[in-house]
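Chemist: Just so you know, the protein sequences line up as chains A and B, in that order.
Here the first sequence is numbered in this note's numbering, starting from -18 and rising by one per residue.
Here the second sequence is numbered in this note's numbering, starting from -5 and rising by one per residue.
Backbone N, C-alpha and C fix where the C-beta goes; we use that ideal spot for every residue, glycine too.
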Amino acid sequence: MLEVVGLSKSYGTGAKVTRAIERLDFAVEEHEFVGIVGPSGAGKTTLLKCIAGLLAPTDGQTLLRGVPVTAPPPELAVVFQDYSRSLFPWLSVRRNVELPLRRKQEVADKGRAAAEALGAVGLAGFEDHYPWQLSGGMQQRVAIARALAYQPRVLLMDEPFASVDAQTRAELEDLVLRVREQFGVTIVLVTHDIDEAVYMSDRVVVLSRPPSTVQEILTVELPSPRDQVESKALPEFVSLRARVYETIMQPAAKVAG
Amino acid sequence: MSRMHLSRGRLGWLTLEVGATALIVALLWLYTDTNESYAVAPLGDVLDAFRATWLFEHVGSDVVPSLVRMTLGYGAAIVIGVVVGFGLGSSPVLAAIAAPVVSFLRSIPAAALLPPAIVLFGIGGGTKVAVIAFVCCWPIMLNTSDGVRELDSTMLATARVYGIRGIDRLRMVVLPAVAPRIFAGMRTSLSIAILLLVTSEMIASTNGIGYFVFQAQQQFAVDDMWAGVLLLGLLGFGLNLLFGVIERRVLRWNVRGDGSN
């Protein structure tokens, strides 16, 4: 579905060059949930922007269903960390969700697609509110609904729960796992939170400190559906999160190719 | 309970405002009535002159021409300011080229432009409109270009990801985002427009409210002169009020709530 091939991105030139990510290779299967974690300062957001076609890589490429990504593809949606800047405050919740559908031929009934997506995130009845009238968690739900209504094959999420409180965070994590089943979408989640990555993902890609390379790719074999209390108490969960933590703490020099 | 307190508070403030205004008018009335100076007309006489002049004998001959000039000049300033502002805001190269020229042109004191404008356009309506447009376009232009330059990167990335481009992007994303800045510039320009309207009509005109006030002074018609000043004050007050109403309507969303509601 999604292939990242030898992807590198550096900023600046000459002596002042900063290498954010270096020769990243991994693939995401259809309907898979892949979490990308790394220490703070690792080029997680850079990687996500390159995958989304928002940033041109210095080297390498991303293939979406075999086609190189050079601009944001129509079958891809992004949920950004900062919902307050990603939602348009002058549009109601409904119009925020419907705006991306205006030129989308595949979505026949725009009003219904928007209503379905808003229902799925538990916001039925809030269509005529403005984003700034809602709490942070609800605003991020609007952003998630907008992404779902767009009917993407791949949904990229950039630290989507970093700006909400811990309880809301757990609620939103479970919400995303639910709608993932319902809408059958492939998800790539970038996060600095190891628990979150392990809890939500089928596989976890661990990045090193910059210049970031792929340290390790771990398969998460926890039973589904996952549960905030039970799943996190399982020995597999505990050992996996320890493993990810140790990998992140390793010095970059010990990278296994 | 709290709502009752709130409305009583509002009523209190309103009483204070109206009461203070009434007191000031009464004191003014008393002062102008007892003052011997010929320049100080009794308020009663001024109001009589106001009624005789502006209700509605001179509306067609002076008020309408003034309002037309003002509307044309201010309207042109908005169009020029917004269009050029978008250009300067989107292109750093263009902005760098234009910066010194813009800084210089907007630094020319507005009234200094009147003599050259008269030479260029004569004392017809063109001079007034041109001067108002020229001076009023800078605050709008600079605010617009700042607004375009400071467009949020996450917001623009969102538009790109969701394929919002071309006219949709302009209408639904960029223009609303810059609108608060455009309105800020327009508010500054509105005061300048009124100022220039009156100044230009005093120097280069054969009608208009400014011309009327100046003529009244030249003919020692002190009542008429003050009546004209009163009208200009009311006009400025009314235009600012109207502007506020339009701004609040267009920028409804920009009044951030506290999350309740």
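In the structure shown, what three-state DSSP assignment does A/THR(-1) receive?
Modeler: What you label residue -1 of chain A is simply residue 18 of the first sequence in a count that begins at 1. Of the three classes helix, strand and coil, the one that applies to A/THR(-1) here is strand, per DSSP.
Chemist: Do you know how far the Cα of A/THR43 is from the Cα of A/LEU36?
Modeler: Working through the first sequence from its first residue, we reach residue 36 of chain A at position 55. Working through the first sequence from its first residue, we reach residue 43 of chain A at position 62. The alpha-carbon atoms of A/LEU36 and A/THR43 are separated by roughly 11 Å.
Chemist: At what residues does the alpha helix (DSSP H) containing B/GLU30 begin and finish?
Modeler: Position 36 of the second sequence holds residue 30 of chain B. No alpha helix (DSSP H) contains B/GLU30, which DSSP labels as neither H nor E.
Chemist: Write down every uninterrupted run of the beta strand (DSSP E) in the stretch 17 to 95 of chain A whose length is 3 residues or greater and which is fully enclosed by it, in chain order.
Modeler: Entirely contained in the stretch 17 to 95 of chain A, the beta strand (DSSP E) runs reaching 3 residues are, in chain order, 40 to 45 and 57 to 60.
Chemist: Here's a check: name, in chain order, each residue in its chain whose Cβ is nearer than 8 Å to the Cβ of A/GLY92, leaving out the five neighbours to either side.
Modeler: Translated into the one-based positions of the first sequence, residue 92 of chain A becomes position 111. Excluding positions up to five away in sequence, the list reads GLU79.
Chemist: Can you name, in chain order, every residue of its own chain whose Cβ lies under 7 Å from the Cβ of A/PRO54, other than the five neighbours on each side?
Modeler: For the purposes of this step, residue 54 of chain A is taken as residue 73 along the first sequence, with counting starting at 1. GLY34 and LEU45.
Chemist: Just list the residues that DSSP pairs B/TYR205 with in beta bridges.
Modeler: Residue mapping note: residue 205 of chain B aligns to position 211 of the second sequence, counting from 1. Per DSSP, none; premise fails for B/TYR205.
Chemist: For B/THR193 versus B/ALA105, is the C-beta spacing smaller than 8 Å?
Modeler: Taking the first residue of the second sequence as 1, we reach residue 193 of chain B at position 199. Taking the first residue of the second sequence as 1, we reach residue 105 of chain B at position 111. Cβ distance < 8 Å, so B/THR193 and B/ALA105 count as in contact.
Chemist: On the criterion of 16 or more Cβ atoms from any shown chain inside 10 Å, does B/SER139 qualify as buried, or is it exposed?
Modeler: Reading the second sequence from its first residue, position 145 is the one you call residue 139 of chain B. B/SER139 should be labelled buried.
Chemist: Are A/VAL225 and A/VAL18 close, meaning C-beta to C-beta below 8 Å?
Modeler: Taking the first sequence and counting its residues from 1, one reaches residue 225 of chain A at position 244. Taking the first sequence and counting its residues from 1, one reaches residue 18 of chain A at position 37. Yes.
Chemist: Going by DSSP, what residue range makes up the beta strand (DSSP E) through A/GLY(-13)?
Modeler: Position 6 of the first sequence holds residue -13 of chain A. -17 to -8 is the extent of the beta strand (DSSP E) around A/GLY(-13).
Chemist: Tell me the residue span of the alpha helix (DSSP H) that contains B/MET64.
Modeler: By 1-based counting over the second sequence, the position of residue 64 of chain B is 70. Unbroken alpha helix (DSSP H) run through B/MET64: 58 to 84.
Chemist: Tell me the DSSP secondary structure of A/ILE168 in three-state form.
Modeler: Within the first sequence, residue 168 of chain A is the residue found at index 187, counting from 1. A/ILE168 falls in the strand class under three-state DSSP.
Chemist: Please confirm if the stretch 23 to 42 of chain B is in contact with the stretch 213 to 221 of chain B, defined as three or more CB-CB distances below 8 Å between the two stretches.
Modeler: These segments touch.
Chemist: Which residues, in order along the stretch 155 to 170 of chain B, keep a beta-carbon less than 7 Å from a beta-carbon of chain A?
Modeler: Cβ contacts with chain A come from VAL155, TYR156, GLY157, ILE158, ASP162, MET166, VAL167 and PRO170.
Chemist: So what does DSSP say about A/LEU199, is it helix, strand or coil?
Modeler: Taking the first sequence and counting its residues from 1, the one referred to as residue 199 of chain A is at position 218. Strand.
Chemist: For chain B, find out if any of its Cβ atoms is closer than 8 Å to the Cβ of A/TYR(-8); answer yes or no.
Modeler: Here residue -8 of chain A refers to the residue found at position 11 of the first sequence. It does not; no Cβ of chain B falls within 8 Å.
Chemist: Whether or not the stretch 95 to 114 of chain B and the stretch 193 to 209 of chain B are in contact is what I'm after, with contact meaning three or more pairs of Cβ atoms, one per stretch, closer than 8 Å; do they touch?
Modeler: A contact exists between the stretch 193 to 209 of chain B and the stretch 95 to 114 of chain B.
Chemist: Exposed or buried, what is A/GLY238 when buried is set at 16 or more other beta-carbons lying within 10 Å of its beta-carbon?
Modeler: To locate residue 238 of chain A, count along the first sequence from 1; it is residue 257. Confidence at A/GLY238 is low in this model, with a pLDDT of 43, below 50, so its placement is unreliable and no value can be given for it.
Chemist: Give me the subset of the stretch -3 to 16 of chain A whose CB atoms are less than 7 Å from a CB atom of chain B, sorted by chain position.
Modeler: Per Cβ criterion, the list is empty.
Chemist: Using DSSP with H/G/I as helix, E/B as strand and the rest coil, what is A/SER193?
Modeler: On the first sequence, position 212 is the one that residue 193 of chain A refers to. Looking at A/SER193 - three-state DSSP - the assignment turns out to be strand.
Chemist: Any beta-carbon of chain A closer than 8 Å to the one on B/THR9?
Modeler: Here the question's residue 9 of chain B lines up with position 15 in the second sequence. No, B/THR9 lies away from the interface with chain A (no Cβ there is under 8 Å from its Cβ).
Chemist: In three-state DSSP terms, what is B/PHE214?
Modeler: Position 220 of the second sequence holds residue 214 of chain B. It is coil, neither helix nor strand.
Chemist: Report yes or no: do the stretch 13 to 33 of chain B and the stretch 71 to 88 of chain B share at least 3 C-beta pairs separated by less than 8 Å?
Modeler: At 8 Å Cβ cutoff, the stretches do not touch.
Chemist: For B/ASP252, I'd like the list of residues in its chain whose CB is within less than 6 Å of its CB, leaving aside the five on either flank, ordered along the chain.
Modeler: Here residue 252 of chain B is taken as the residue at index 258 of the second sequence, counted from 1. Caution is warranted here: a pLDDT of 39 is assigned to B/ASP252, below 50, making its placement in the model unreliable, and the coordinate value is therefore given only provisionally. The answer is none, since no qualifying residue turns up.
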